[in-house]
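**Q**
There are 2 protein chains.
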Amino acid sequence: MRELDLRRAFTLIEPGPVVLVTTNDGRKSNIMTISWTMVLDFKPVFAITTGAWNHSFKALKKTRECVVAIPTIEMLDAVVGIGTCSGEDTDKFDRFHLTARPARLVGAPLIEECLANIECKVTDMIAKHDIVVLEAVAAHIEPRHKEKRMIHAVGDGTFIVDGRRFDRRKQMASKLPEGI
Amino acid sequence: MRELDLRRAFTLIEPGPVVLVTTNDGRKSNIMTISWTMVLDFKPVFAITTGAWNHSFKALKKTRECVVAIPTIEMLDAVVGIGTCSGEDTDKFDRFHLTARPARLVGAPLIEECLANIECKVTDMIAKHDIVVLEAVAAHIEPRHKEKRMIHAVGDGTFIVDGRRFDRRKQMASKLPEGI
Numbered sequence: 008m009r010e011l012d013l014r015r016a017f018t019l020i021e022p023g024p025v026v027l028v029t030t031n032d033g034r035k036s037n038i039m040t041i042s043w044t045m046v047l048d049f050k051p052v053f054a055i056t057t058g059a060w061n062h063s064f065k066a067l068k069k070t071r072e073c074v075v076a077i078p079t080i081e082m083l084d085a086v087v088g089i090g091t092c093s094g095e096d097t098d099k100f101d102r103f104h105l106t107a108r109p110a111r112l113v114g115a116p117l118i119e120e121c122l123a124n125i126e127c128k129v130t131d132m133i134a135k136h137d138i139v140v141l142e143a144v145a146a147h148i149e150p151r152h153k154e155k156r157m158i159h160a161v162g163d164g165t166f167i168v169d170g171r172r173f174d175r176r177k178q179m180a181s182k183l184p185e186g187i
Numbered sequence: 008m009r010e011l012d013l014r015r016a017f018t019l020i021e022p023g024p025v026v027l028v029t030t031n032d033g034r035k036s037n038i039m040t041i042s043w044t045m046v047l048d049f050k051p052v053f054a055i056t057t058g059a060w061n062h063s064f065k066a067l068k069k070t071r072e073c074v075v076a077i078p079t080i081e082m083l084d085a086v087v088g089i090g091t092c093s094g095e096d097t098d099k100f101d102r103f104h105l106t107a108r109p110a111r112l113v114g115a116p117l118i119e120e121c122l123a124n125i126e127c128k129v130t131d132m133i134a135k136h137d138i139v140v141l142e143a144v145a146a147h148i149e150p151r152h153k154e155k156r157m158i159h160a161v162g163d164g165t166f167i168v169d170g171r172r173f174d175r176r177k178q179m180a181s182k183l184p185e186g187i
């Protein structure tokens, strides 16, 4: 994995993919599948919706750190599996044959099998809406990861994979942040 | 357009598409392109990130109503165009040849050319993060709209269209809300 310019980290979240969020509570690591995410700023700051219904939430709240990992379509069944079992009684890295790698700035692990990993610090928690605000502190991408197509959850048990890409850079130039 | 079961409205936002958000300030209607959205609950409640940098924000704040419309891929250039000009000096319905239709419960208009339209009330504004919380009060879908593929913004001036759909309803059954 190579370091990704932090200014580009939001481009991994903006398309709206399902992500895997890792935490480590000091004893063990866990993963949750999250589809409810939103970019808040180019800084990069973004939000996820999660709460006590996720076992990982306790570790997230305690450590105020996590890694947001971006899976691609060949990982669909792991993504679904991770989202439908609990870290309370399951070692998800073991069960889904995923490799935890140490992150650079947070205690939560990177997932080696993912296309990209974003190390995040929790900067705010809006309990009323179950919104957790994250600031990316480091990002990594695996250039040798051949499959680049992300997964989008519809919310009804179906998932949509990325299709063709359209270039509108010229038309969008006035709206793009510097360095993108 | 036919009425869509409100319980299904979140399935239009969860995949992470670019949306068009309409407002009406009492004098005229406007449209903004928003890629920063997030489902908050199945109710359906969701969030968008917007602020004073969007001309529509003033009307959204004043009326506390909007329509979230879902464009499909044949509308890509209108979506980009709407996002790169301002309602301050442009009638965007006119300029992009879009048809405003009266909504049922809010003053903001539906966009007839879109696949679906969700009428929303603003239930909260989190100024610190520029988050606007919306509750859907009515939803409409156009079954005759042949093109169903949504658009995902990457944030760097490129856009990705929906590809193939994968069915994991059986594996996801324990996690799906009733009636979905």
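Those protein sequence lines, which keep their order, are chains E and Y. So the first sequence is residues 8 to 187, counted in our numbering. So the second sequence is residues 8 to 187, counted in our numbering. Think of the CB as a built atom: it goes at the ideal place given N, C-alpha and C, for glycine as much as any other residue. Everything numeric in this text was worked out from a predicted model, so none of it was measured.
1. May I have a chain-ordered list of the beta strand (DSSP E) segments no shorter than 3 residues that lie completely inside the region 91-155 of chain Y?
2. For a contact meaning CB atoms closer than 9 Å, what does E:His136 contact in chain Y?
3. Mind listing the chain Y neighbours of E:Pro22? Cutoff is C-beta to C-beta under 7 Å, in chain order.
4. For chain E, check one thing: does any of its Cβ atoms lie closer than 8 Å to the Cβ of Y:Ala180?
5. Please report the straight-line C-alpha distance between E:Val52 and E:Pro184, rounded to a whole angstrom.
6. Is the region 147-163 of chain E in contact with the region 114-121 of chain Y, if contact means three or more CB pairs nearer than 8 Å?
7. Have a look at the DSSP bridge pairing and note the partners of E:His159.
8. Smallest Cα separation from E:Arg171: which of Y:Lys135, Y:Phe49, Y:Ile167?
9. Indicate the three-state DSSP secondary structure (helix, strand or coil) for E:Met198 in the structure shown.
10. Going by Cα to Cα distance, which pick from E:Ile41, E:Asp96, E:Ile89 is closest to E:Val75?
11. Measure the CB-CB distance between Y:Val140 and E:His152 and report whether it falls below 8 Å.
12. Is DSSP giving Y:Ala76 helix, strand or coil here?
13. Residues of the region 79-111 of chain E in Cβ contact with chain Y at a cutoff of 7 Å, in chain order, please.
14. Please go through the same chain and pick out, in chain order, the residues whose beta-carbon is closer than 6 Å to the beta-carbon of Y:Lys68, but skip the five residues on each side of it.
15. Measure the alpha-carbon distance for Y:Met179 versus Y:Cys73 and round it to whole angstroms.
16. Hey, would you say Y:Val87 sits closer than 8 Å to E:Arg175, going by beta carbons?
17. Taking only the alpha-carbon atoms, compute the straight-line gap between Y:Thr29 and Y:Val46 and give it to the nearest angstrom.
18. Mapping the DSSP letters down to three states, classify E:Thr57 as helix, strand or coil.
19. In the DSSP assignment, the beta strand (DSSP E) including Y:Met39 goes from what residue to what residue?
**A** On the basis of the data shown:
1. Inside the region 91-155 of chain Y, DSSP marks whole beta strand (DSSP E) runs of 3 or more residues at positions 123-133, 138-148, from first to last along the chain.
2. Looking up residue 136 of chain E in the first sequence gives position 129. Against chain Y, a Cβ distance below 9 Å from E:His136 picks out Leu47, Asp48, Val52, Ala54, Asp131, Ile133, Ile138, Val140.
3. Taking the first residue of the first sequence as position 1, residue 22 of chain E is located at position 15. Close to E:Pro22, with beta-carbon spacing below 7 Å, are these residues of chain Y in chain order: Gly23, His159, Ala160, Val161, Ile167.
4. In the second sequence, counting from the first residue as 1, residue 180 of chain Y sits at position 173. It does; some Cβ of chain E falls within 8 Å.
5. Mapped onto the first sequence, residue 52 of chain E falls at position 45. Mapped onto the first sequence, residue 184 of chain E falls at position 177. When only Cα atoms are considered, E:Val52 and E:Pro184 end up about 14 Å apart.
6. no
7. For the purposes of this step, residue 159 of chain E is taken as residue 152 along the first sequence, with counting starting at 1. Per DSSP, E:Ile167.
8. Counting from 1 along the first sequence, the entry for residue 171 of chain E is found at position 164. Here the closest residue by C-alpha is Y:Ile167.
9. The shown model of chain E, from 8 to 187, leaves out residue 198 of chain E, and the question about it has no answer.
10. Numbered from its first residue, the first sequence carries residue 75 of chain E at position 68. Comparing Cα positions, the closest option is E:Ile41.
11. The count along the second sequence starts at 1 and reaches residue 140 of chain Y at position 133. The count along the first sequence starts at 1 and reaches residue 152 of chain E at position 145. No. Outside cutoff.
12. In the second sequence, residue 76 of chain Y corresponds to position 69, counting from 1. Three-state DSSP puts Y:Ala76 in a strand.
13. Result list: Leu83, Val87, Gly90, Thr91.
14. Walking along the second sequence from the start, residue 68 of chain Y turns up at place 61. Cβ within range, chain order: n/a, list empty.
15. Mapped onto the second sequence, residue 179 of chain Y falls at position 172. Mapped onto the second sequence, residue 73 of chain Y falls at position 66. For Y:Met179 and Y:Cys73, the distance between alpha carbons rounds to 32 Å.
16. As a first step, residue 87 of chain Y is located in the second sequence; it is residue number 80 there, counting from the start. As a first step, residue 175 of chain E is located in the first sequence; it is residue number 168 there, counting from the start. Contact: yes.
17. Residue numbering aside, residue 29 of chain Y sits at position 22 when the second sequence is read from its first letter. Residue numbering aside, residue 46 of chain Y sits at position 39 when the second sequence is read from its first letter. Answer to the nearest angstrom: the Cα atoms are 18 Å apart.
18. The sequence position of residue 57 of chain E within the first sequence is 50, counting from 1. If DSSP states are grouped into helix, strand and coil, E:Thr57 belongs with coil.
19. For the purposes of this step, residue 39 of chain Y is identified with residue 32 of the second sequence, where counting begins at 1. Per DSSP, the unbroken beta strand (DSSP E) holding Y:Met39 starts and ends at 36-41.
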